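Chemist: First to last, the protein sequences are chains A and B. Following my numbering from start to finish, the first sequence increments by one per residue and tops out at 385. Following my numbering from start to finish, the second sequence increments by one per residue and tops out at 767. Using N, Cα and C, we set each Cβ at its ideal position, and we do this for glycine too. This one's a predicted model, so the numbers in the text were calculated from it and none came from an experiment.
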Amino acid sequence: MQFLKLIARNALRHKLRTGLTVLGLVIAVLSFGLLQTVVGAWYAGANNAAPDRLVTRNAISLVFPMPLHYRDKIRAVPGVKRVGTANWFGGIYQDPKKFFPQFAVDAAQYFEMYPEYRFAEEEKRAFLRDRRGAVVGRKLAETYGFRVGDTLPLRGTIFPGDWSFTVRAIYEGAEARTDTSQMFFHWDYLNETMKRRVPRRADQVGVFVVQIADPARSAEISQALDAQFRNSAAETLTETEKAFQLGFVAMTEAIVVGIRVVSFVVVFIILAVMANTMAMTARERLSEYATLKALGFAPGYVAALVLGESLAIAAVGGLVGVGCTFPVAAWFSTQTGTLFPVFEVSLATTAMQLGAALAVGIAAALLPGQRAARVRIVDGLRAIG
Amino acid sequence: MKAIPLAYSVRNLWTRKLTTALTAGGMALVVFVFAAVLMLDAGLRQAMVSTGQPDNVMVTRRSAGSEVQSGVERPQAALVEAQPEVVAASKETVVLIAQHKRDSGTVSNVTVRGLSPQGIALRPQVRLAAGRMFRPASTEIVVGRSIAQRFAGTGVGERLRFGARDWLVVGVFDAGGSAFDSEIWGDVDQMMQSFRRQAYSTVIARLADPGAFDALKRRLDSDPRLTVDVKRERQFYEEQSAALSGFISILGLTLSVIFSIGAMIGAMITMYAAVAGRTAEIGALRALGFRRRAILTAFLAEALALAALGWALGLGVASLMQLVHISTMNWQSFGELAFSFKLTPKIVLQSLAFAAAMGFAGGVLPALRAARLSIVDALRAA
Numbered sequence: 001m002q003f004l005k006l007i008a009r010n011a012l013r014h015k016l017r018t019g020l021t022v023l024g025l026v027i028a029v030l031s032f033g034l035l036q037t038v039v040g041a042w043y044a045g046a047n048n049a050a051p052d053r054l055v056t057r058n059a060i061s062l063v064f065p066m067p068l069h070y071r072d073k074i075r076a077v078p079g080v081k082r083v084g085t086a087n088w089f090g091g092i093y094q095d096p097k098k099f100f101p102q103f104a105v106d107a108a109q110y111f112e113m114y115p116e117y118r119f120a121e122e123e124k125r126a127f128l129r130d131r132r133g134a135v136v137g138r139k140l141a142e143t144y145g146f147r148v149g150d151t152l153p154l155r156g157t158i159f160p161g162d163w164s165f166t167v168r169a170i171y172e173g174a175e176a177r178t179d180t181s182q183m184f185f186h187w188d189y190l191n192e193t194m195k196r197r198v199p200r201r202a203d204q205v206g207v208f209v210v211q212i213a214d215p216a217r218s219a220e221i222s223q224a225l226d227a228q229f230r231n232s233a234a235e236t237l238t239e240t241e242k243a244f245q246l247g248f249v250a251m252t253e254a255i256v257v258g259i260r261v262v263s264f265v266v267v268f269i270i271l272a273v274m275a276n277t278m279a280m281t282a283r284e285r286l287s288e289y290a291t292l293k294a295l296g297f298a299p300g301y302v303a304a305l306v307l308g309e310s311l312a313i314a315a316v317g318g319l320v321g322v323g324c325t326f327p328v329a330a331w332f333s334t335q336t337g338t339l340f341p342v343f344e345v346s347l348a349t350t351a352m353q354l355g356a357a358l359a360v361g362i363a364a365a366l367l368p369g370q371r372a373a374r375v376r377i378v379d380g381l382r383a384i385g
Numbered sequence: 386m387k388a389i390p391l392a393y394s395v396r397n398l399w400t401r402k403l404t405t406a407l408t409a410g411g412m413a414l415v416v417f418v419f420a421a422v423l424m425l426d427a428g429l430r431q432a433m434v435s436t437g438q439p440d441n442v443m444v445t446r447r448s449a450g451s452e453v454q455s456g457v458e459r460p461q462a463a464l465v466e467a468q469p470e471v472v473a474a475s476k477e478t479v480v481l482i483a484q485h486k487r488d489s490g491t492v493s494n495v496t497v498r499g500l501s502p503q504g505i506a507l508r509p510q511v512r513l514a515a516g517r518m519f520r521p522a523s524t525e526i527v528v529g530r531s532i533a534q535r536f537a538g539t540g541v542g543e544r545l546r547f548g549a550r551d552w553l554v555v556g557v558f559d560a561g562g563s564a565f566d567s568e569i570w571g572d573v574d575q576m577m578q579s580f581r582r583q584a585y586s587t588v589i590a591r592l593a594d595p596g597a598f599d600a601l602k603r604r605l606d607s608d609p610r611l612t613v614d615v616k617r618e619r620q621f622y623e624e625q626s627a628a629l630s631g632f633i634s635i636l637g638l639t640l641s642v643i644f645s646i647g648a649m650i651g652a653m654i655t656m657y658a659a660v661a662g663r664t665a666e667i668g669a670l671r672a673l674g675f676r677r678r679a680i681l682t683a684f685l686a687e688a689l690a691l692a693a694l695g696w697a698l699g700l701g702v703a704s705l706m707q708l709v710h711i712s713t714m715n716w717q718s719f720g721e722l723a724f725s726f727k728l729t730p731k732i733v734l735q736s737l738a739f740a741a742a743m744g745f746a747g748g749v750l751p752a753l754r755a756a757r758l759s760i761v762d763a764l765r766a767a
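1. Interface residues of chain A around A648/B at Cβ under 7 angstroms?
2. Hey, is L20/A's beta-carbon within less than 9 angstroms of any beta-carbon in chain B?
3. Using a beta-carbon distance below 9 angstroms, is E309/A in contact with chain B?
4. Go ahead and pull the three-state DSSP assignment for P67/A.
5. CA-CA distance, Q228/A and K73/A?
6. If you draw a straight line from the C-alpha of I650/B to the C-alpha of I27/A, how long is it?
7. Determine the direct distance from the alpha carbon of I532/B to that of K486/B, and round the result to whole angstroms.
8. Alpha carbon to alpha carbon, how far is Q370/A from I377/A? Give it in angstroms, no decimals.
9. Provide the residue span of the beta strand (DSSP E) that contains S493/B, from first to last.
10. Measure the alpha-carbon distance for V29/A versus V416/B and round it to whole angstroms.
11. Residues of chain A with a CB under 9 angstroms from the CB of Y657/B: which are they?
12. Going by the beta-carbon positions, is the gap between Y110/A and V205/A smaller than 9 angstroms?
13. Which residue spans inside the segment 213-260 of chain A form an unbroken beta strand (DSSP E) run of at least 3?
14. Look at the alpha carbon of V709/B and the alpha carbon of L154/A, and state the distance between them as a whole number of angstroms.
15. Grouping DSSP H, G and I as helix and E and B as strand, with all else coil, what is E525/B?
16. Taking only three categories from DSSP, how would you classify F329/A?
17. Three-state secondary structure (DSSP) at Q2/A?
18. Spatial neighbours of E175/A within its chain, please: CB distance less than 8 angstroms, with the 5 preceding and 5 following residues excluded, ordered by chain position.
19. Give me the chain B residues within the contact set of P160/A, using Cβ-Cβ distance strictly less than 9 angstroms, ordered along the chain.
20. How is D599/B classed by DSSP in three states: helix, strand or coil?
21. Which residues in the same chain have their Cβ closer than 7 angstroms to the Cβ of F726/B, if we skip the five residues on either side of it in sequence?
22. Using beta carbons (cut-off 9 angstroms, strictly below), is N48/A in contact with chain B?
23. Please confirm if S489/B has its CB atom under 9 angstroms from at least one CB of chain A.
24. Mind checking whether F343/A and A41/A have CB atoms under 9 angstroms apart?
25. Could you compute how far the alpha carbon of R91/A sits from the alpha carbon of F103/A?
26. Ends of the alpha helix (DSSP H) at R168/A?
27. Using a Cβ distance threshold of 8 angstroms, determine whether the segment 507-522 of chain B contacts the segment 562-582 of chain B, with at least three qualifying pairs required.
28. Can you give the beta carbon distance from L54/A to S218/A, rounded, assuming they're within the 8 angstroms contact cut?
29. Taking beta-carbon pairs under 8 angstroms, can you tell me which members of the segment 581-614 of chain B lie near chain A?
30. Using a beta-carbon distance cut-off of less than 7 angstroms, what residues from the segment 260-290 of chain A approach chain B?
31. Taking the C-alpha atoms as reference points, what is the distance between G662/B and A290/A?
32. Could you check whether R617/B and F598/B sit closer than 9 angstroms to each other, using their CB atoms as the reference points?
33. Given this structure, state the Cα-to-Cα distance separating E284/A from F745/B, to the nearest angstrom.
34. Identify which residue in F675/B, L750/B, L764/B and L737/B has its Cα closest to the Cα of A700/B.
35. Have a look at S448/B and K97/A and give me their C-alpha separation to the nearest angstrom.
36. Check whether the segment 267-286 of chain A touches the segment 356-373 of chain A, counting contact only when three or more Cβ pairs, one atom from each stretch, lie closer than 8 angstroms.
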């Protein structure tokens with residue numbers, strides 16, 4: 001008890017210094033948490049992948065399509081439950097900066113495979129009835145103020161020309177981490193329009209999403225599926241949805257690594273600040289430590305005093321920092337709109353934040369604590385701040 | 386008015402070595418992040434600017450965001466080629482192929498460009514680094530320097546399989562750090578055949594007189610037979626990197642500013658301690674006749690010297706980053722792009738100003754406190 005009281009008194013002796021150190025810690029823990037969350041957002045697509053979904057694409061690369069008749073062949077492969085078509089549309093809404101993902105999908109099949117997208121039954125029926133209808137996710141709708149019945153014009157980049165859709169439904173995510181920043185419309189509408197505009201580009205599918213009955217057989221079914229199209233004009237590459245999504249992450253690996261590195265740099269910055277605070281504190285109090293030792297306290301007790309003070313400051317800074325992370329992350333998420341479809345502070349991030357704060361608290365006390373424990377009583381009593 | 390010698394401030398830093406090192410170290414890390422981000426952005430911009438030639442014009446399909454998305458039908462391409470301002474033109478096909486990286490084995494998109502000898506002539510910055518150029522109408526390819534370093538099967542003499550054919554690598558070219566270093570080049574007709582393409586992707590045209598660009602653009606824009614966008618090549622490539630460059634600079638600068646708050650707090654703690662520890666000294670200086678302003682200047686100078694130390698350390702480490710090459714997917718083109726950190730004189734000055742601002746912000750309040758001490762109280766504090 002006496003020990004804890006001593007630590008508290010010591011920590012509050014220089015209120016300004018302690019306050020500034022805690023503030024620095026809060027900022028560091030907060031930015032560390034946000035950066036880790038940004039890295040997590042990068043993996044959102046992979047984390048949302050379902051084990052029973054495979055993605056089949058052209059083996060050359062994603063920019064090459066596959067003929068529509070592949071659909072029937074894929075459906076005939078044993079173990080395949082359902083096949084959906086999807087094309088990345090890549091249209092521009094008003095300004096290229098207002099980017100959000102748009103997919104042309106055969107809605108009847110596609111949404112059966114994605115139960116995490118929740119619809120109001122009535123709206124879904126209205127969407128299925130309207131050839132030029134579209135659905136948008138809740139987050140996307142909130143970012144640009146889309147409401148059911150609104151017209152949504154897009155300028156085609158991959159599929160030339162001006163396109164116009166009517167928002168018929170807004171889908172919700174089954175979980176907080178479900179991506180609700182996307183737009184979907186009817187694949188048939190895209191195909192029919194292309195038939196008129198550029199006939200040779202009709203009946204071409206970007207990717208097939210394949211649902212399988214038994215996730216354990218995904219590797220075997222992928223191989224059987226690709227074997228169907230070996231040595232054909234468009235060879236295919238089938239992988240699990242997770243592997244497909246991780247492929248995107250791998251392409252921007254350098255950026256992810258960069259953000260990770262920087263998130264640890266901030267921990268070192270605050271370590272320098274915190275270590276400095278503790279070093280100054282210990283230097284100023286050398287004569288006190290010497291007095292304590294002269295009174296018979298063991299060197300370990302003196303070192304524990306320094307460590308305890310350091311840990312107390314770090315713990316306060318860490319806890320406040322973690323507490324601030326949630327509201328700031330929520331604000332950041334609304335500000336960046338659809339840039340990060342999912343921006344959730346994970347439990348692992350919170351644990352890492354607290355771990356970093358504690359590590360800083362311990363590391364900062366190492367040298368000063370050692371110095372306090374080793375000081376010779378005579379030297380300590382002679383020392384002046 | 387007499388000023389306190391600078392040596393007083395500097396020697397004070399020297400006396401408290403651990404504190405000085407820790408505070409300057411914190412600042413150095415912030416300067417490092419700040420400078421590294423600017424260097425990365427500068428490297429990216431330089432790669433993109435050196436890709437485009439000032440007198441080349443890029444013709445793509447209207448609203449296409451990249452060469453890969455673009456498609457120019459043969460009659461349209463012929464029409465562009467026949468314009469009076471055009472002295473040389475290259476009709477090209479650009480696709481992406483998924484290839485495995487050498488070290489990690491991960492798959493990334495590589496830009497493959499099909500072009501003619503005329504197209505090579507339009508890029509004077511491209512030089513052969515090894516082997517020879519591909520022969521027209523053959524399935525030979527040459528690869529850019531960054532591709533040869535990073536991707537499997539891209540050495541001279543090796544074969545690469547894509548588009549249901551084997552392609553023989555006959556040379557490696559050096560495009561002077563431009564985006565072409567991250568491309569694979571081969572014969573345009575062979576490429577179009579293997580990728581079953583009927584239309585070209587883009588037309589690159591050289592103008593006899595770069596000043597004729599506006600007239601050409603006006604004519605092509607108003608031609609009802611054409612649905613194309615006409616841009617200077619340099620502008621086109623700058624736009625290609627706009628999204629990536631914006632992401633790097635916005636994220637990086639936001640981080641630098643937030644991190645700098647931490648470093649400023651560090652400087653503030655150090656300077657407050659310096660003032661508190663030297664109260665009697667300050668009283669003595671005042672008693673000797675030094676004005677409040679001189680005290681203020683001396684403590685500010687101490688904070689700025691601390692910042693200068695942090696700047697030198699941070700920038701020193703950041704300059705080593707020039708040896709590092711970054712390779713990532715460019716969001717606009719969806720293809721792999723390699724570039725490096727580039728230290729420019731402007732970044733040296735910007736980071737100096739940034740460090741000085743940190744030092745000033747951290748030092749001004751403690752310095753004011755030092756300057757406000759009354760002589761009697763300060764002397765009594767001893």
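Modeler: The structure says:
1. I269
2. yes
3. no
4. strand
5. 8 angstroms
6. 10 angstroms
7. 9 angstroms
8. 14 angstroms
9. V492 to L500
10. 19 angstroms
11. H14, L16, R17 and L20
12. no
13. 236-240
14. 40 angstroms
15. strand
16. The identity of residue 329/A in the sequence shown is Ala, whereas the question assumes Phe. Three-state result, A329/A: helix.
17. helix
18. E116
19. R446, R447, S448, A449, G456 and T612
20. helix
21. A421, M424, L425, G428, M706, Q707 and V709
22. no
23. yes
24. yes
25. Inspection of the sequence shows that residue 91/A is occupied by Gly rather than by Arg. Using only the alpha carbons, I get a separation of about 10 angstroms.
26. It is not in any alpha helix (DSSP H) - R168/A instead sits in the beta strand (DSSP E) that spans D162 to G173.
27. yes
28. 6 angstroms
29. R581, Q583 and T612
30. V262, V265, V266, F268, I269, I270, A272, V273, A275, N276, T277, A279 and M280
31. 20 angstroms
32. yes
33. 25 angstroms
34. Ala is not the amino acid found at residue 700/B; the sequence shown has Leu there. It is L737/B.
35. 14 angstroms
36. yes
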